[in-house]
Amino acid sequence: MKKIVLLIVLSLTLSVLASCEASDSIKLFMPTEYIDESLLEAFEEEYGIQVELIVFDSNEIAIPQIEDQSNAYDLVIPSDYAIEELAVKGLLDTIDWDRIDMTKDLLDPAITQLWPDCGCDPADFNVLNYSVPYFFGNVGILYDSTRVTLTQLEALGWDALNDIDEDVMFYDSTRDMIMVALKALYAGEVDINNPTDAQLAAAEAWLADTTRVSNITYASDEIFDAMLVSGSTQYAMAVSYSGDAVYLMSENDDLGYYVPASGSNVWLDAFVIPKNAENKDAAYDFINFMTSFDNMLLNTEYVGYTAPRTDVISDVITNETYPESSYRMTVRTNDSIFRYNTELKVKMAELWARVRAQN
Amino acid sequence: MSKHTFTSKTFLSIVLLLIYIPIISLVVFSFNDSKSLIQFTGFSLEWYVKLFESGTIMDAVFTTILVAIISTIASTLIGTLGAISLTKNKKWLREWILNFNNIPIVNPEIVTAISFFVLFGAFQIERGLMTMIIAHIAFSVPYVVITVYPKVRQMDADLISASSDLGATPLQTLWHVILPQIRIGIIAGAAIAFTMSFDDFVISYFASSGSAVKNISIYLYTLKRGIEPTINALSALIILVIGMKITFDYFKTQKNLMEEEE
Amino acid sequence: MKPFVISKPKIKTKRKWTFEGFLGVPYQAVIGFLIVIPIVLMLIYSFQSRASSQTFTLIFTLDNYLRFINEPIFVSLMAESIGLAFVATLISLLIGYPLAYIIARSNTKTKTLLILLITAPMWINMLLRTKALEQVILMTAPELIGTNVAIIIGMTYVYLPFMVLPIYTVLSKIDMSLYESASDLGANKLQTLIKVIIPLSISGVLSGIMMVFLPSATTLVVPKYLGAGRFLIGNLIENAMIAQGDFGYGSSIALLMAGLILIFLYLIKKVDKYTEGGDE
Amino acid sequence: MEKEPLNNVKNTQKLDEPLIKLIDLAKEFNGQVVLRGIDLEIEANEFVTFLGPSGCGKTTTLRIIGGFVEPSQGDVLFQGQSILGIPSHKRPTNTVFQRYALFPHLDVYDNVAFGLRVKQEMLGRFTRIKDLKKSLKIESNSNGLTKSEFKKLFQNHKQAYLANVQKIKDDMDEKVRKYLKLVGLEGYENRRVHKLSGGQQQRVAIARALINEPKVLLLDEPLAALDLKLRQEMQYELKEIQRRSGITFVFVTHDQEEALTMSDKVVVMNHGEIQQVGTPVDIYNEPVNKFVATFIGESNIIEGVMKTDFLVHFDDQDFKCIDKGFALNEEVDIVIRPEDIDIVEIKDGWIHGIVTDVVFKGVHYEIDVKTNARTYTIHTTDVQPLGKEVGLSFLPEDIHVMERSN
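Line by line, the protein sequences are chains X, G, P and Y. Per the numbering used here, the first sequence starts with residue 1, numbered consecutively. Per the numbering used here, the second sequence starts with residue 1, numbered consecutively. Per the numbering used here, the third sequence starts with residue 1, numbered consecutively. Per the numbering used here, the fourth sequence starts with residue 1, numbered consecutively.
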């Protein structure tokens, strides 16, 4: 009896030790449900490098984790503004583009337009100095056309979320929802990276609006279940990222995706290598693996997000994997990108806590 | 004994029904042949197949069991020896230790969870499986102690004297006399430790946040895309195991009762 | 008796306790490093101005507490969490007490079966049970999801066994002859219950209240599944710690909550002493 | 009486050390002195009884000898060697505890075998073979043995060792059965101890202690929990066991009858101090003070004055006695045992009084006679009617004079 117990303890201890010990591996830190996991296996097979996938729900959650030096991730996929924050805080390596197989001229013009690589103003932050694009997209309203019509949406814009008496899902993300509120209220009249206090207060009121007719639920990736089945969608409208919308629309024909004309946020998610990464070579290998034409195509087909490579985009559109209207990113007048702003970040975090606490 | 009145029987049945309806529905939908958790469309075992094919779920199950076993063994050992040594401590020290011991018991779990999160953050300890195990040990030990300590106190102190008197070294006394005497307390403590570890969510969630390690609870909590009946299948299997344990317990106690009556 | 003074130096009794002393070292280490130090750290962080997790300035400030207290929304959220937990605890008590009473008065065989049936769900993962309940509500009354009603149902459903078990334990220890002797003395059933049984079982009721109230007030899981992603105080703490990485703020809310709950429990105990006539 | 100095143990000329010698023992618990100035010698083969009311320190003294309590002061010598600081499991004593302290998780056999088992470390066989291998390895390395030679050597040793282990086991079994037989518990080997009667439990406790062949057996009120008949039976048996085994018994009791019937030497204690040490006869007949006199047997205690040697005054009369050595007119206590007083005709008695109470006690009547000065208790086989006026008489040797104690 004693020996059996001893044996169990011993084997357990060994298995714990074994799981701690890594021969050659990278710790990949990225958003949930954002990669075709069969590609990880393919990479492990091809390079003999294990990928430990660690996921986060939002950039806001990810940043403190990256700052926590004990975590030592090898590769992270945050969004543009988070990359800026991490870079400003000195947590990131600059990318050696010579080691990246995907050249910058392969990138979609929308990316180079929004995050120009001119090198003209060295003081100006350039996301591409620190990162290699992974996917990009915008934020819009995913709607069930059997419950809400496009005409209604075009008439109301973002206000449709508050004004139509239906079940609505708000995306549980600080920045995106504040952006939605600001655009709904001020369209092109607001700098979403530097709103006045009055504008922020108005946005808070918009989000916490107690007079709205719709029922609001805060959720994020639950959208995949809620909107998947035609005829039994949980929400009539959901604030959604373009990629999720594209994927869901391919599964449920009732769905449509509308980006209000009052403006949206165009974002870019990209690979970054933290300074304290322990296996930087493997990180470069992984970036090159994921940004190759074939793998990026497989990946974009799987998740539905827009790839940064023009050749991949063309392939998706010519093969009609996804419809061009929602898959291709176009930058419209009122669209903007996020920038890092310490003060605003704190204000937004507090604002968001208040909004969430009220619901 | 007293007969149950009609009212009390009805009340009992209704409550039991309400408790078990969700659990039964959970099991029923694990056999659904569509993804829906609301409409039963037909019988299938596909979710059970998917369950065993899913690396993430199996990892979570493995992590849960691993953490539960290690933390149960460690906390039972630490707590039992601690409870034994408590009786030898000076009164003021014992009272202080017992007060501290009660902190995690009277505090909401989330406070304990935050305290571990802060501890690991402050000392830059990489969160992961190890921190999860450490946290589980730490919150189980106080429960083991409050379960074992009364048994230690109830024990006739002369038994220890007798053992020593008969030539047993302190270690032999511990092994041959004290531990067998407090066995029931130790088993109860270990059972509590295992259950708490197996079901724990909040503390695990904070103690391993930012790492890839997930137990079943964290897996469920962070699960977003594709909530499928695989979870129901997993639940059904857990319920099956627990059901078996309960049935076993039931017949065992019945047997004991019968023996006592003889 | 003559005064007696022990003249010789006392004999040192070193070797006697070393073995037992050694046994307690790991336990004392757990208490010290994993219970006391973390709580002390929380306290220290809670009095630090907003700083990242790694930096200590060791300047005492009440900012974190003030930030919370000065925000009516947060205070009312805390009140709401406590209120919901309170209602759930009350309902659990109203269901749990009669349940425990009926079980305790059953014959031995039925008793074991019933108590196993009541406690069995405790062994099933709490998230699974909450999800199961969500599923049933979605099937029967989907409009409830997100309302206080759903949250209270959820808390009651998940934590009811914790109410039944301690009450049952106390009730089953009460000598059956007490019921009879009370009725001998001419008390009717209700009188017996109120005058004899309830006062005797108050300690079980108290631990039941504690075991339901504590987790209900701070749950993360119930509002997530049954509250349609609503925030309760637990989620606010989670948000502060994990999403904002603000150790000081998160710690201060957690400590405030812990303090409030302790006061609440203390008051309940006071009431208990009062009703018992302070004889314990 | 001879005023023998109390507890004077200055036997320096004695070459053989006593088996146990207590020197100036004292003990305080939480600032309260429970034992003081205990000096005592216990010889081999003696049956020594500590007698006294509860709280007198007798059990504490026993526990100090057993090694369960450390004295605050003083020393305990065993054959001239101090055994203080030696833990109880290394002392040459074994104890029968008041509530027996049988191990409830073990059956009768295992309880009795406990001491042998822990000493033989039967459970450590695995490590012993390992030790054997290790020591052989060192040996063979120095002798330059080859691997196969070593293997052979080791196998031989192992066989021998295992055979030896079997022998030890068999011996042990034999011994356990022998001691079970000694205490009359054959056939009870597999009983759970809580299923035994009090007397049987007590026998297990005795067998369990005796099997270790201690030099000294300490018994802490072992008969207290038994009913009268069983107690008397066990008193006899214990005495027999002691006689046969030749082991020194140190026995603690609060029952004076028990002490008187069983002991070679009685140590009367009160308030943490030794009152008197002596044979049962000495203690009974020559109590040194009022406490001993009242505690042992029934007594008429009378306050009086010692006029000169052999003459004592009480109840307004002078009586002849056989005691001497007191100061002139020293105030003293006088003991007259109830059975030493005779009821006689008024004219034949020293003093006279009225019969106020008659109680039949089986063998004798207990009669209270009220005189002018006091009420005397008398044990006699002749019944007297209530209210009768009688005379009381006693012999000079029945008057026992003691120092006045407060």
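Just so it is clear, CB atoms sit at the ideal spot from N, CA and C, and this is done for glycine as well. On a predicted model such as this, the values are computed, not experimentally measured, just so you know.
What in chain G is Cβ-close to Ser-251/P, meaning under 7 Å?
Ile-114, Val-118
For a cutoff of 8 Å on Cβ pairs, would you count Glu-126/G as touching chain P?
Taking 8 Å as the threshold, the shortest C-beta distance from Glu-126/G to chain P does not fall below it.
Separation of Ile-23/G from Asn-160/P, as counted between CA atoms:
The identity of residue 160/P in the sequence shown is Leu, whereas the question assumes Asn. Cα to Cα, the separation comes out at about 15 Å.
Which value, in whole angstroms, describes the spacing of the CA atoms of Val-303/X and Arg-309/X?
15 Å
Count the other CB atoms, across all protein chains shown, that sit within 10 Å of the CB of Asp-144/X; report buried if there are 16 or more and exposed otherwise.
buried
Quick one, which of Gly-146/P, Ile-102/P, Ser-46/P has its alpha-carbon nearest Val-170/P's?
Here the closest residue by C-alpha is Ile-102/P.
Does the CB of Ser-53/P have a neighbour CB from chain G at under 8 Å?
No answer about Ser-53/P holds up, because its pLDDT of 47 lies below 50 and its placement is not dependable.
The stretch 102 to 117 of chain G contacting the stretch 37 to 55 of chain G, beta-carbon criterion three pairs below 8 Å
no
Just by C-beta distance, which residues in the stretch 165 to 192 of chain G are closer than 9 Å to chain Y?
Per Cβ criterion, the list reads Asp-165, Leu-166, Gly-167, Ala-168, Thr-169, Pro-170, Gln-172, Thr-173, Trp-175, His-176, Val-177, Pro-180, Gln-181, Arg-183.
Can you tell me which of Asp-368/Y, Val-288/Y, Val-33/Y puts its alpha carbon nearest to the alpha carbon of Gly-387/Y?
Asp-368/Y
Residues of chain X with CB closer than 9 Å to the CB of Gln-48/P, please, in chain order.
Those do not exist, as Gln-48/P stays about 16 Å from chain X at its closest Cβ, beyond 9 Å.
Report the CB separation of Gln-235/Y from Glu-221/Y in whole angstroms; it is logged as a contact under 8 Å.
Between Glu-221/Y and Gln-235/Y the Cβ distance is about 13 Å, and since that is not below 8 Å, they are no contact.
Cβ-based burial, Thr-7/G [other Cβ within 10 Å; buried from 16]:
exposed
Contact residues within the stretch 103 to 123 of chain Y, judged by C-beta distance below 7 Å to chain G:
Residues of the stretch 103 to 123 of chain Y whose Cβ lies closer than 7 Å to any Cβ of chain G, in chain order: Phe-103, His-105, Phe-114, Gly-115, Val-118, Lys-119.
Kindly provide the ranges of any alpha helix (DSSP H) runs that are 4 or more residues long and lie completely inside the stretch 312 to 352 of chain X, ordered along the chain.
324 to 327
Given Thr-94/X, which residues of its chain have a CB within under 7 Å of its CB, disregarding the five upstream and five downstream residues?
Asn-129, Tyr-130
When DSSP labels each residue in this structure, what does Pro-274/X get in the three-state scheme?
strand
In chain X, which residues lie less than 8 Å from Ser-211/G when you measure between Cβ atoms?
Those are Ile-54, Asn-71, listed as they occur along chain X.
Quick one: is Met-244/G near chain Y, going by C-beta distance under 8 Å?
no
Here's a check: name, in chain order, each residue in its chain whose Cβ is nearer than 6 Å to the Cβ of Asp-24/X, leaving out the five neighbours to either side.
Ile-49
Indicate whether Ile-20/Y and Ile-65/Y have their beta-carbon atoms separated by less than 8 Å.
It is a contact, given that the beta carbons lie within the stated cut-off.
Taking Val-229/X as the query, report the chain G residues whose CB atoms sit under 8 Å from its CB, ordered along the chain.
The answer, in chain order, is Lys-35, Ser-36.
When the Cα atoms are used, what is the spatial distance from Val-259/X to Asn-265/X?
Straight-line spacing of the CA atoms in Val-259/X and Asn-265/X works out to 10 Å.
Taking the alpha carbon of Leu-298/X as the point to measure from, which residue in Leu-28/X, Glu-222/X, Leu-40/X, Lys-27/X has its own alpha carbon closest?
Leu-40/X
Euclidean distance between Cα positions of Glu-366/Y and Phe-360/Y:
6 Å
Figure out for me which residue from Lys-169/Y, Asp-170/Y, Leu-102/Y, Gln-200/Y has the closest Cα to the Cα of Val-177/G.
Leu-102/Y
Under 8 Å, Cβ to Cβ, is there at least one residue of chain G near Gln-135/P?
yes
Between Ile-218/G and Ile-153/P, what straight-line distance do the alpha-carbon atoms span, to the nearest angstrom?
23 Å
Around the C-beta of Met-244/G, are 16 or more other C-beta atoms found within 10 angstroms, so that it is buried, or is it exposed?
exposed
Does Asp-68/X get closer than 8 Å to chain G when you measure Cβ to Cβ?
yes
Straight-line Cα distance separating Phe-162/P from Val-222/P:
A straight line joining the alpha-carbon of Val-222/P with that of Phe-162/P spans about 16 Å.
Do you know whose CA, among Ile-84/G, Asp-199/G, Val-111/G, lies nearest Val-350/P's CA?
Residue 350/P cannot be examined here, being either before or after the span of chain P that is shown, 1 to 280.
Roughly how many angstroms lie between the CA atoms of Ala-283/X and Ile-14/G, to the nearest whole one?
59 Å
Could you check what DSSP says for Leu-268/X in three-state terms: helix, strand or coil?
strand
Leu-220/P to Gly-243/X span [Cα, whole Å]:
29 Å
Does any CB atom of chain P fall closer than 8 Å to the CB of Ala-236/X?
no
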